[in-house]
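The block underneath contains the structure these notes are about, expressed in structure tokens.
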Amino acid sequence: MATSEELAWSRIETINTPPQGRSGHSAVVYGTCMYIFGGLGEFRFNDLFKFDFESRTWTQILPIDESKVPSKRCKHSACIYQDMMYIFGGWDSSGKLNDMYRYRFDRNEWEQVQCANPPSPRSAHSVAIYQNYMYLFGGIGDNKFNDMYRYSFKTNQWNMVNQRHPPPRRSSYGGAHVYNDRLYVVCGLGCGKFNDCHSFDFRTSEWTEEKYSDDSRVIPAKRGRHTCVLAGQNLYMFGGYVGIQRSNELFVLNLQANQWKQLKLKSNVPAPREGHSAVLCSEQMWLFGGWHDNGWYNDVYTLGPL
Numbered sequence: 001m002a003t004s005e006e007l008a009w010s011r012i013e014t015i016n017t018p019p020q021g022r023s024g025h026s027a028v029v030y031g032t033c034m035y036i037f038g039g040l041g042e043f044r045f046n047d048l049f050k051f052d053f054e055s056r057t058w059t060q061i062l063p064i065d066e067s068k069v070p071s072k073r074c075k076h077s078a079c080i081y082q083d084m085m086y087i088f089g090g091w092d093s094s095g096k097l098n099d100m101y102r103y104r105f106d107r108n109e110w111e112q113v114q115c116a117n118p119p120s121p122r123s124a125h126s127v128a129i130y131q132n133y134m135y136l137f138g139g140i141g142d143n144k145f146n147d148m149y150r151y152s153f154k155t156n157q158w159n160m161v162n163q164r165h166p167p168p169r170r171s172s173y174g175g176a177h178v179y180n181d182r183l184y185v186v187c188g189l190g191c192g193k194f195n196d197c198h199s200f201d202f203r204t205s206e207w208t209e210e211k212y213s214d215d216s217r218v219i220p221a222k223r224g225r226h227t228c229v230l231a232g233q234n235l236y237m238f239g240g241y242v243g244i245q246r247s248n249e250l251f252v253l254n255l256q257a258n259q260w261k262q263l264k265l266k267s268n269v270p271a272p273r274e275g276h277s278a279v280l281c282s283e284q285m286w287l288f289g290g291w292h293d294n295g296w297y298n299d300v301y302t303l304g305p306l
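Counting from 1, one number per residue, gives the positions in the sequence shown under full-length UniProt numbering.
Next comes the structure, spelled out in structure tokens:
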């Protein structure tokens with residue numbers, strides 16, 4: 001586990017014009033670039049940008065056929081499978097969504113994926129890839145959810161997962177993370193806020209509430225709309241909506257020991273925010289955007305080495 005002395009925040013000065021400030025967007029890593037889709041700022045977006053980690057340049061990717069682009073939305077999910085980005089659900093001007101699209105990086109083409117029995121419309125859910133499946137958990141629709149669905153990339157079919165002992169209903173803005181054949185969900189919003197950690201065993205379909213070690217120096221306050229990235233056995237969590245305020249706290253949870261630690265860095269710390277994105281690339285956490293009372297951000301920060 002990294003210490004405060006080993007880590008450093010850096011604000012990245014980008015070469016050209018970044019996307020408009022936003023929150024509730026998605027961010028994925030493909031190759032040497034971070035891809036940002038959609039989100040909410042002064043209005044909803046359905047634009048696609050890539051940020052090159054090496055040249056530190058932003059490029060807007062204009063679609064070949066605008067009619068095939070997903071509607072303007074926020075709080076959707078995105079994941080990468082076999083050189084394609086899959087977008088599911090979210091929230092547009094018509095309400096919550098349960099449509100799915102895939103984007104082919106090599107062709108710059110969008111395509112709607114038609115499949116039977118998708119999850120009910122929702123936003124602020126989380127997804128993760130395990131083997132040849134996409135697992136979807138929770139979110140907010142007509143209700144708050146704690147259901148789980150599994151999508152097969154091979155058969156193009158959704159199936160509800162019969163979970164044992166699922167955690168409370170919630171939207172897990174921090175995402176879901178796969179480690180040692182388990183899916184981890186940390187904190188989130190439901191009927192209130194949470195600061196718990198639950199893991200799902202893919203082999204038995206059973207959830208376990210992880211009990212934090214007594215060696216934890218501090219346990220984070222309840223929060224939602226935060227971000228997490230997994231580096232080895234360590235889950236790094238930044239920011240979010242805590243109480244009635246936005247946070248810029250940084251914590252790390254060791255998943256082997258179930259031990260929390262707060263990392264207090266002194267310089268270049270990002271401003272408090274929620275609804276931002278964070279991805280991992282080259283032992284660095286790359287943070288983009290988010291929202292605070294004074295508006296939306298479009299800045300980029302790195303944290304590392306992780």
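From the three backbone atoms N, C-alpha and C, an ideal C-beta is built for every residue, glycine too.
None of the values given here were measured: they were computed from a predicted structure.
> Under a Cβ-count criterion, where at least 16 other Cβ atoms within 10 Å of its own Cβ denotes burial, should residue 271 be classed as buried or exposed?
Replying inline: Looking up residue 271 in the sequence shown gives position 271. Burial call: exposed.
>> Need the endpoints of the beta strand (DSSP E) that residue 295 sits in, please.
In response: Counted from its first residue, the sequence shown places residue 295 at position 295. First-last of the beta strand (DSSP E) with residue 295: 295-304.
> For the putative contact between residue 286 and residue 34, defined by C-beta atoms under 8 Å, what is the C-beta separation to the nearest angstrom?
Replying inline: To locate residue 286, count along the sequence shown from 1; it is residue 286. To locate residue 34, count along the sequence shown from 1; it is residue 34. Distance from residue 286 to residue 34 at the Cβ level is roughly 6 Å; contact confirmed, criterion being Cβ atoms closer than 8 Å.
> What is the residue span of the beta strand (DSSP E) that residue 246 lies within?
Replying inline: Here residue 246 is taken as the residue at index 246 of the sequence shown, counted from 1. First-last of the beta strand (DSSP E) with residue 246: 245-254.
>> Going by DSSP, what residue range makes up the beta strand (DSSP E) through residue 199?
In response: Here residue 199 refers to the residue found at position 199 of the sequence shown. That run of the beta strand (DSSP E) goes 192-201.
>> Taking only three categories from DSSP, how would you classify residue 72?
In response: Your numbering for residue 72 matches position 72 in the sequence shown. Residue 72: coil per DSSP, three-state reduction.
> Taking Cβ positions, are residue 296 and residue 41 nearer each other than 7 Å?
Replying inline: Here the question's residue 296 lines up with position 296 in the sequence shown. Here the question's residue 41 lines up with position 41 in the sequence shown. Result yes, Cβ atoms of residue 296 and residue 41 sit closer than 7 Å.
>> Measuring CB atoms only, is the region 253-267 touching the region 277-294, in the sense that at least three cross pairs come out at less than 8 Å?
In response: no
> With contact counted as at least three CB pairs below 8 Å, one residue from each stretch, are the region 156-172 and the region 196-212 in contact?
Replying inline: yes
> Which runs of the beta strand (DSSP E) fall wholly inside the region 116-176 and span at least 3 residues, in chain order?
Replying inline: 126-130, 133-140, 144-152 and 157-160
> Excluding the five sequence neighbours on either side, which residues of its own chain have a C-beta within less than 6 Å of the C-beta of residue 215, listed in chain order?
Replying inline: Position 215 of the sequence shown, counting from 1, holds the residue named residue 215. So the list reads 259, once near-sequence residues are dropped.
> Taking the C-alpha atoms as reference points, what is the distance between residue 314 and residue 267?
Replying inline: Not covered by the structure: residue 314. The range shown for the chain is 1 to 306.
> Under a three-way DSSP split, which group does residue 352 fall into?
Replying inline: In this structure the chain extends from 1 to 306, so residue 352 is not present and cannot be described.
>> Among 5, 226 and 38, whose alpha-carbon lies nearest the alpha-carbon of residue 19?
In response: Taking the sequence shown and counting its residues from 1, one reaches residue 19 at position 19. For the residues 5, 226 and 38, the minimum Cα distance to residue 19 belongs to 38.
> Taking contact to mean at least 3 C-beta pairs separated by less than 8 Å, is the region 236-255 in contact with the region 168-184?
Replying inline: Yes, since at least three Cβ pairs between the region 236-255 and the region 168-184 fall closer than 8 Å, the two stretches touch.
>> According to DSSP, simplified to helix, strand and coil, what is residue 67?
In response: One-based indexing of the sequence shown puts residue 67 at position 67. Note: residue 67 maps to helix in three-state DSSP.
>> On a Cα-Cα basis, can you pick out the residue from 157, 227, 187 and 60 that is closest to residue 276?
In response: Here residue 276 refers to the residue found at position 276 when the sequence shown is read from its first residue. Nearest option by C-alpha distance: 227.
> Quick one: is the Cβ of residue 176 within less than 6 Å of any heavy atom of the ligand COA?
Replying inline: With respect to the ligand COA, the structure shown offers nothing to examine, as it has no ligands at all.
> Any idea if residue 126 is buried or exposed, counting beta-carbon neighbours within 10 angstroms, 16 or more meaning buried?
Replying inline: If you number the sequence shown from 1, residue 126 lands on position 126. The residue in question, residue 126, is buried, as its Cβ has 16 or more Cβ neighbours within 10 Å.
> What are the boundary residues of the beta strand (DSSP E) that residue 233 is part of?
Replying inline: As a working note, residue 233 is residue 233 in the sequence shown. Where residue 233 is concerned, there is no enclosing beta strand (DSSP E), given that its DSSP letter is neither H nor E.
>> Rounded to the nearest angstrom, what separates residue 236 and residue 68 at their Cα positions?
In response: Taking the sequence shown and counting its residues from 1, one reaches residue 236 at position 236. Taking the sequence shown and counting its residues from 1, one reaches residue 68 at position 68. Taking the straight line joining both Cα atoms gives about 36 Å.
> Which of the three DSSP states, helix, strand or coil, is assigned to residue 212?
Replying inline: Position 212 of the sequence shown, counted from the first residue, corresponds to residue 212. Reduced to three states, the DSSP call for residue 212 is coil.
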